[in-house]
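Novice: Heads up, the sequence shown is in numbering that gives the first Met the number 0, so the first residue is 0 and it goes up one at a time. Each residue gets a CB set at the ideal place from its N, CA and C atoms; glycine is no exception. Remember, predicted model here, so these are calculated numbers, not experimental data.
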Amino acid sequence: MNIAEINKKILKLKKEKNALILVHNYQLPEVQDIADYLGDSLELAKIAVNINVENIIFCGVKFMAESAKILNPEKNVILPDISAECPMANMVKSEGLLKLKKQHPEAKIQAYINTTAEIKSYSDICCTSSNSAKVANSVDSNKIIFVPDQHLGRYTETLVPDKEFILWPGSCPTHHRIHKEDIFKLKEQHPNAKILVHPECRLDVINAADHAFSTNGMVNYAKKSDATEFIIGTEKDMCYRLKKENPEKKFYPIKSAVCPNMKKITIDKVLKSLETLEPKIKLSDDIMKKAKMPLQKMMDIGRGD
Ligand code: 13P
Ligand code: SF4
0 MNIAEINKKI LKLKKEKNAL ILVHNYQLPE VQDIADYLGD SLELAKIAVN
50 INVENIIFCG VKFMAESAKI LNPEKNVILP DISAECPMAN MVKSEGLLKL
100 KKQHPEAKIQ AYINTTAEIK SYSDICCTSS NSAKVANSVD SNKIIFVPDQ
150 HLGRYTETLV PDKEFILWPG SCPTHHRIHK EDIFKLKEQH PNAKILVHPE
200 CRLDVINAAD HAFSTNGMVN YAKKSDATEF IIGTEKDMCY RLKKENPEKK
250 FYPIKSAVCP NMKKITIDKV LKSLETLEPK IKLSDDIMKK AKMPLQKMMD
300 IGRGD
């Protein structure tokens, strides 16, 4: 079957199965093209709550689909490849987190949304890259255990200097591999380009940039900015959406920045998921109940970028 035939079948099945397709900004271009909604982790969580539909086909990684399920236990959330996990989300385990909490009983746990549902269930509040400082400011303690992304934690610490942060030593392998030399090389070739990077980058990369934004933050900035060229320090397929929505502007990706787990979702797998309504996200009622509280608190705070 060619892409056009697959897309036609997807369109027909969506109606038959009362389903909508939510797609993260890092997905393959052909998956982005079949999205009903495209967004970053906070935006997709918000959309999942607001759409009136029986089945959500979630094209992203597992923690995103789990968050949609936790916020909507009555809807089916289907992840077309159940092995599409964020490696950073698995870098913090509950045993280690509880041990750390015991050492700092007065600290509150702020969990990046890139965590398992179990870790969320032990956390006081969640955040995404779009609102980590706003969330940290809302926490009623001056000491925060921030898990699992040390880079986002360190960046947040610079924005919330009056609080003490205990950083978990995790990081996103895709963003950790971006070095400031990669950015400088592109800047040499494109001296007029604005540099936008994701807050999962190392702090020296963030400091070398003009702005650090969540993926939707980049979309909003690129649209509004008078600049016509941008160096994009994040997963390379972010540039597909940016280019599609701003055809008159130029976007320069870090070509080696690929998230292999995001790429596990293909349109063939989306079609299969619509046919079978599998694989569904399944979580215990107990975990869902406990993980909902920190997620809901974050949703109530909203965007910060
Ligand atoms: P955003 O919420 O900015 O889309 O980030 C999600 C993510 O996993 C970045 O690596
Ligand atoms: Fe996880 Fe990094 Fe992939 Fe985002 S880009 S899903 S943080 S591995």
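(1) Any idea which residues DSSP pairs residue 251 with across the strands?
(2) Given 8 Å as the limit, tell me if residue 60 has its C-beta closer than that to any heavy atom belonging to ligand 2.
(3) Check residue 305 in the structure and name its three-state DSSP category.
(4) What is the DSSP secondary structure of residue 207, reduced to helix, strand or coil?
(5) Could you give the uninterrupted runs of the alpha helix (DSSP H) lying entirely in the segment 3–56, keeping only those of 4 residues or more?
(6) Alpha carbon to alpha carbon, how far is residue 0 from residue 28?
(7) Where does residue 276 sit, in a helix, a strand or coil, going by DSSP?
(8) Helix, strand or coil for residue 125, going by three-state DSSP, please let me know.
(9) Following the continuous alpha helix (DSSP H) through residue 62, name the residue where it begins and the one where it ends.
(10) DSSP puts residue 194 in a beta bridge; with which residues?
(11) Residues near ligand 2, CB to any non-hydrogen atom under 7 Å, in chain order?
(12) Less than 8 Å between the CB atoms is what I'm expecting for residue 248 and residue 221, so what's the real figure, rounded?
(13) If you measure from the CB of residue 71, is any heavy atom of ligand 1 nearer than 8 Å?
(14) Of the choices 273, 199, 297, whose alpha-carbon is the least far from that of residue 12?
(15) For residue 41, verify whether its CB is less than 8 Å away from any heavy atom of ligand 1.
(16) Quick check on the DSSP output: the alpha helix (DSSP H) that includes residue 183 runs from which residue to which?
(17) Evaluate residue 69 with the Cβ neighbour count: other Cβ atoms within 10 Å of its Cβ, from every protein chain shown; 16 or more gives buried, anything less gives exposed.
(18) Just reading off the beta strand (DSSP E) that residue 166 is part of, what are its end residues?
(19) Classify residue 26: buried if its beta carbon has 16 or more other beta carbons within 10 angstroms, exposed otherwise.
(20) What is the C-beta distance between residue 119 and residue 293, in whole angstroms, given that I count them as a contact (C-beta under 8 Å)?
(21) Can you determine whether any heavy atom of ligand 1 sits closer than 8 Å to the C-beta of residue 103, and answer yes or no?
(22) Does the segment 35–46 come into contact with the segment 220–236, if we say contact requires no fewer than three beta-carbon pairs (one atom in each stretch) closer than 8 Å?
Specialist: Checking against the coordinates, here is how it stands:
(1) Reading the sequence shown from its first residue, position 252 is the one you call residue 251. Beta bridge pairing from DSSP links residue 251 with 230.
(2) The residue you call residue 60 lines up with position 61 of the sequence shown. With a cut-off of 8 Å, the C-beta of residue 60 is classified as near ligand 2, since at least one heavy atom of the ligand falls inside that distance.
(3) Only positions 0 to 304 of the chain appear in this structure, which leaves residue 305 out of reach.
(4) For the purposes of this step, residue 207 is identified with residue 208 of the sequence shown, where counting begins at 1. DSSP places residue 207 in helix when its eight states are reduced to three.
(5) Fully enclosed alpha helix (DSSP H) runs of 4 or longer: 28–31, 40–49.
(6) As a working note, residue 0 is residue 1 in the sequence shown. As a working note, residue 28 is residue 29 in the sequence shown. In this structure, the alpha-carbon of residue 0 lies about 18 Å from that of residue 28.
(7) Within the sequence shown, residue 276 is the residue found at index 277, counting from 1. The three-state secondary structure of residue 276, taken from DSSP, is coil.
(8) Within the sequence shown, the letter at position 126 stands for residue 125. In this structure, DSSP gives residue 125 an extended state, which the three-state scheme calls strand.
(9) For the purposes of this step, residue 62 is taken as residue 63 along the sequence shown, with counting starting at 1. For residue 62, the enclosing alpha helix (DSSP H) begins and ends at 61–70.
(10) Reading the sequence shown from its first residue, position 195 is the one you call residue 194. Under the DSSP definition of a beta bridge, residue 194 partners with 230.
(11) Selection around ligand 2 by beta-carbon proximity, strictly under 7 Å to any non-hydrogen atom, yields 25, 60, 85, 86, 87, 88, 113, 171, 172, 173, 174, 199, 234, 258, 260, 261 in chain order.
(12) On the sequence shown, position 249 is the one that residue 248 refers to. On the sequence shown, position 222 is the one that residue 221 refers to. That pair is a contact at about 7 Å.
(13) The residue given as residue 71 occupies position 72 in the sequence shown. No, Cβ of residue 71 sits at least 8 Å from all heavy atoms of ligand 1.
(14) As a position in the sequence shown, residue 12 is number 13, starting the count at 1. The shortest C-alpha separation from residue 12 is found at 273.
(15) In the sequence shown, counting from the first residue as 1, residue 41 sits at position 42. Within the chosen limit of 8 Å, ligand 1 reaches the beta carbon of residue 41 through at least one heavy atom.
(16) Stepping through the sequence shown from its first residue, residue 183 is reached at position 184. Counting along the chain, the alpha helix (DSSP H) containing residue 183 begins and ends at 179–188.
(17) Position 70 of the sequence shown, counted from the start, is the residue given in the question as residue 69. Residue 69 should be labelled buried.
(18) Position 167 of the sequence shown holds residue 166. Unbroken beta strand (DSSP E) run through residue 166: 163–166.
(19) Residue 26 sits at position 27 when you count from the first residue of the sequence shown. Label assigned to residue 26: buried.
(20) Counted from its first residue, the sequence shown places residue 119 at position 120. Counted from its first residue, the sequence shown places residue 293 at position 294. Sure, about 6 Å apart at Cβ, within 8 Å.
(21) Your numbering for residue 103 matches position 104 in the sequence shown. Short note on residue 103: C-beta not closer than 8 Å to any heavy atom of ligand 1.
(22) Contact between the segment 35–46 and the segment 220–236 is absent, because fewer than three Cβ pairs lie under 8 Å.
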